[in-house]
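Numbering (full-length UniProt numbering), first residue to last: 1 to 270. Heads up: the structure comes next, in structure tokens.
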């Protein structure tokens with residue numbers, strides 16, 4: 001089930017999914033707001049993924065207190081040439097959309113692979129020099145460039161398993177990661193003293209934000225795109241903690257975009 005809350009009005013529940021056969025039939029693994037790519041760039045829609053292989057697009061209807069399903073995609077294995085049925089569903093574990101083109105997205109599956117798609121078609125899309133951070137159950141954070149999808153850099157945080165990560169919307173080299181036992185970890189990939197130090201990525205965070213309970217894990221987190229110093233973190237006991245980050249995590253350096261491009265281009269040299 002998917003629930004939408006409005007924190008401006010006494011934490012009121014304004015929309016939820018209604019029972020239908022074409023909805024998710026397994027655990028919902030991720031949710032993300034994106035701008036409506038086809039009708040109005042000012043309107044937001046909700047995207048959900050699940051272990052059932054579905055990627056669903058929703059239009060919130062607060063006046064009717066429900067979510068209207070507007071589009072659906074199904075991820076499956078390729079069926080054999082002798083089979084008349086579709087392939088087996090592949091569980092979708094995460095999804096992220098291009099900030100410059102909300103129709104382009106990359107999603108991860110429980111097979112461990114990353115895939116790129118478009119809301120317009122199944123054809124390939126133009127690559128951009130952007131970094132993509134990916135986490136897996138092996139405890140590592142991997143950073144890729146869409147220019148060199150087969151190469152990347154990775155580092156293993158000392159704090160144990162990592163369940164989720166997000167890039168800062170205002171600082172291109174800052175990312176937040178949700179850990180199993182150590183709360184939310186903030187990493188700054190900006191090189192020290194203007195050098196890339198052989199492009200080694202840090203394993204020690206520059207700041208740790210505790211979860212609501214020492215025994216809980218951070219399983220989801222999200223930056224506020226309009227107010228980039230606000231970070232919401234959800235943990236395994238059902239609590240959401242909202243943090244206001246220091247200015248050094250939200251104000252970009254003059255050469256930060258250039259350093260991100262250098263890092264992305266270096267992946268082809270590995």
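Ideal Cβ placement from N, Cα and C applies to all residues, glycine included.
Residue burial classification, residue 7 (beta-carbon count within 10 angstroms, cutoff 16): As a first step, residue 7 must be located in the chain shown, where it is residue number 7. Per the 10 Å Cβ criterion, exposed.
Three-way DSSP call (helix, strand, coil) for residue 204 in this model: Here the question's residue 204 lines up with position 204 in the chain shown. Residue 204 falls in the coil class under three-state DSSP.
Contact between the segment 15-32 and the segment 61-71 (3+ Cβ pairs under 8 Å): Touching, yes.
Answer yes if the segment 29-38 comes into contact with the segment 47-67, meaning at least three C-beta pairs across the two stretches below 8 Å, and no otherwise. Three or more Cβ pairs closer than 8 Å define a contact, and the segment 47-67 meets that threshold against the segment 29-38.
Residue 261 - DSSP class collapsed to helix/strand/coil: Position 261 of the chain shown holds residue 261. Residue state, collapsed to three classes: helix.
Nearest to residue 18 by CA position, among 61, 37, 214 and 119, is which residue? Within the chain shown, the letter at position 18 stands for residue 18. Measuring from the Cα of residue 18, the nearest candidate turns out to be 61.
Alpha carbons only, please: which of 35, 16, 15 and 118 is nearest the one belonging to residue 226? Counting from one through the chain shown, the residue named residue 226 turns up at place 226. Looking from the CA of residue 226, the closest CA among 35, 16, 15 and 118 belongs to 35.
Determine the burial state of residue 167: buried for a count of at least 16 other Cβ atoms within 10 Å of its Cβ, exposed for fewer. As a position in the chain shown, residue 167 is number 167, starting the count at 1. With 16 or more other Cβ atoms within 10 Å, it is buried.
How is residue 247 classed by DSSP in three states: helix, strand or coil? Walking along the chain shown from the start, residue 247 turns up at place 247. Reduced to three states, the DSSP call for residue 247 is helix.
In three-state DSSP terms, what is residue 256? As a position in the chain shown, residue 256 is number 256, starting the count at 1. Three-state result, residue 256: helix.
Taking 8 Å as the cut-off, decide whether the C-beta atoms of residue 213 and residue 235 are in contact. Position 213 of the chain shown holds residue 213. Position 235 of the chain shown holds residue 235. Annotated as proximal: residue 213 and residue 235, with beta-carbon spacing under 8 Å.
Using a Cβ-Cβ cutoff of less than 7 Å, which residues in the same chain neighbour residue 95 once the five nearest sequence positions on both sides are dropped? Looking up residue 95 in the chain shown gives position 95. These residues qualify, in order along the chain: 30, 32, 47, 49, 55, 105 and 107.
Do you know offhand how far residue 259's Cα is from residue 145's? Locating residue 259 in the chain shown gives position 259, where the first residue counts as 1. Locating residue 145 in the chain shown gives position 145, where the first residue counts as 1. Roughly 13 Å between the two C-alpha positions.
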